[in-house]
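Numbering of the sequence shown is given in this note's numbering, commencing with residue 155 and proceeding in unit increments.
Even for Gly, the Cβ is constructed at its ideal location relative to N, Cα and C.
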Amino acid sequence: MAAFDCRGYVTVSVDEAMPFIDITVRHEENHVPYCDVSLPPDVKAVVQNSLDKNVTQIWNDVLTLYPSPNFTRKSVYRLWYSLVRGRWSLDSDQVLSAEKLLERGEEAGGLGAYSFKRISLDIPDGYSAISFSIPEMIERWGGRLREVAIDSAWGTNKGGYEIFSLLGEAYGSGMPLGYLLVKSIGKAAPNSKQHLLEQFLRHFRDEYKLTVNFTLSDKDFAEIGACRSVFPRAKHQLCFWHCLRAVKRRLSILRRQPAHYDWQEAVSEFTLIEPTFLPKAQRSSSTHVSSHAPTALHMLTSTFDRILYHPKNLFHS
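As structure tokens, then:
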């Protein structure tokens with residue numbers, strides 16, 4: 155930053171006996187004029203008349219007027235945002251603003267091409283929640299939906315709400331059916347989030363007679379429990395990416411001793427496991443006799459690509 159011999163100074167005088175402060179500013183030499191980076195009136199007019207466009211489109215229109223502007227795209231965005239935010243920000247409180255916005259969107263055209271229907275929830279203590287569905291989307295495609303997925307995301311709003319979306323699949327394309335916003339605001343009873351998710355899914359099952367054969371989610375136990383409770387006859391599948399990630403994370407732990415192996419519990423759940431198998435650390439010659447099988451796996455009968463592999467070729471580098 156350039157400096158100048160302007161003989162300038164600022165003096166602040168404070169007297170405890172007086173109710174005011176004396177400030178003296180001295181400046182004898184003008185500096186280089188500052189570059190005006192404010193938006194010209196014609197640019198402001200372009201923004202005000204283009205609220206239905208996005209910022210990229212508006213900025214391209216501005217560049218036709220000012221190919222090398224002194225102002226920035228960020229200043230154009232700030233002006234556009236200050237003008238357009240009144241369309242969705244109806245209250246300083248985000249929850250009240252969302253509720254008012256949903257009331258406006260109960261009729262088609264209120265907020266866009268589709269209408270929104272508020273879902274009534276029995277909200278447990280310790281939680282705050284808002285939920286709504288998109289009736290036209292379900293009425294149009296509900297008869298063809300055989301698979302739904304529920305997923306969540308963080309960091310989409312300043313209020314700190316976790317947003318859950320219910321997505322349907324028809325003809326290979328996904329479509330949003332409804333949304334649930336949940337936030338923990340205090341101590342809550344166990345399974346409170348799952349209780350909210352069950353109410354959310356039950357609304358689509360009962361209100362729109364939604365019948366599905368498959369439900370999908372990630373490894374969140376609340377999502378899994380809600381899907382299996384509301385759609386008990388549907389096959390539930392986990393996100394393949396999350397499954398691989400969980401296995402890789404577990405295999406990457408090398409120095410942690412595994413939990414005690416209960417062979418009775420294992421055999422009761424998976425009959426293919428031999429009762430005589432025990433980890434090496436738990437083997438005792440006096441209590442357990444185990445013999446090594448000559449071949450651990452004779453043949454993998456099925457894989458994801460439906461190709462048979464012999465174990466000696468499976469791990470070939």
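- Within the DSSP secondary-structure output, I177 pairs in a beta bridge with V166.
- The Cβ-Cβ distance between F385 and T369 falls below 9 Å.
- Residue nearest to V166 within the set I175, A400, L237 is I175 (criterion: CA-CA distance).
- Under a 10 Å Cβ-count criterion, Y163 is classified as exposed, with fewer than 16 other Cβ atoms of the shown protein chains found around its own Cβ.
- Measuring C-alpha to C-alpha distances from T365 to each of S438, A388, F375, E352 identifies A388 as the nearest.
- Bounds of any alpha helix (DSSP H) do not take in F286; it lies within the beta strand (DSSP E) bounded by 281-287.
- Taking C-beta separations shorter than 6 Å and ignoring five residues to either side along the sequence, the partners of Y315 in its chain run L335, K337, following chain order.
- Contact between the segment 211-230 and the segment 249-260 is absent, with fewer than three C-beta pairs closer than 8 Å.
- Residues S269 of the same chain have their beta carbon placed closer than 7 Å to that of E261, with the five preceding and five following residues left out of the count.
- S192 has its alpha-carbon roughly 41 Å from the corresponding atom of E170.
- Boundaries of the beta strand (DSSP E) around K389: 389-392.
- The alpha-carbon separation between D360 and D305 amounts to approximately 21 Å.
- The three-state reading of DSSP puts S371 in strand, counting E and B together.
- Segment contact: the segment 419-434 against the segment 386-406, fewer than three CB-CB distances shorter than 8 Å; contact not assigned.
- Under the DSSP assignment, A307 falls in the beta strand (DSSP E) whose first and last residues are 301-307.
- Y333: member of the beta strand (DSSP E) spanning 327-338, first to last residue.
- Taking C-beta separations shorter than 6 Å and ignoring five residues to either side along the sequence, the partners of A283 in its chain run L275, I277, V336, L350, following chain order.
- Distance from I273 to H390 at the Cβ level is roughly 22 Å; contact not present, criterion being Cβ atoms closer than 8 Å.
- Annotation for G379: Q348 place their beta carbon closer than 7 Å to its own, counting only its chain and skipping 5 residues before and after.
- Taking the Cβ atoms as the reference, Q202 lies roughly 6 Å from L237, within the contact range of under 8 Å.
- Residue F318 holds the alpha-carbon nearest to the alpha-carbon of A376 among F424, M329, P412, F318.
- Ranking M329, S287, S285 by CA distance to the CA of R300 puts M329 first.
- Secondary structure note for E253: its alpha helix (DSSP H) is the uninterrupted segment 248-258.
- With respect to the C-alpha of A400, the residue from E428, F286, K373 having the closest C-alpha is K373.
- In this chain, the beta strand (DSSP E) harbouring L321 covers 316-324.
- Rounded to whole angstroms, the separation of the alpha carbons of K312 and V197 is 30 Å.
- Listed as beta-bridge partners of R272 by DSSP are F286.
- Going by beta carbons, Y415 and L392 fall outside the 9 Å limit.
- For N214, the uninterrupted alpha helix (DSSP H) run begins and ends at 209-219, by DSSP.
- Taking all protein chains in view, the Cβ of L233 is crowded by 16 or more other Cβ atoms within 10 Å, so the residue is classified as buried.
- Annotated three-state conformation of H185 is coil, per DSSP.
- Cβ contact annotation for E257 (same chain, cutoff 7 Å, sequence separation greater than five): none.
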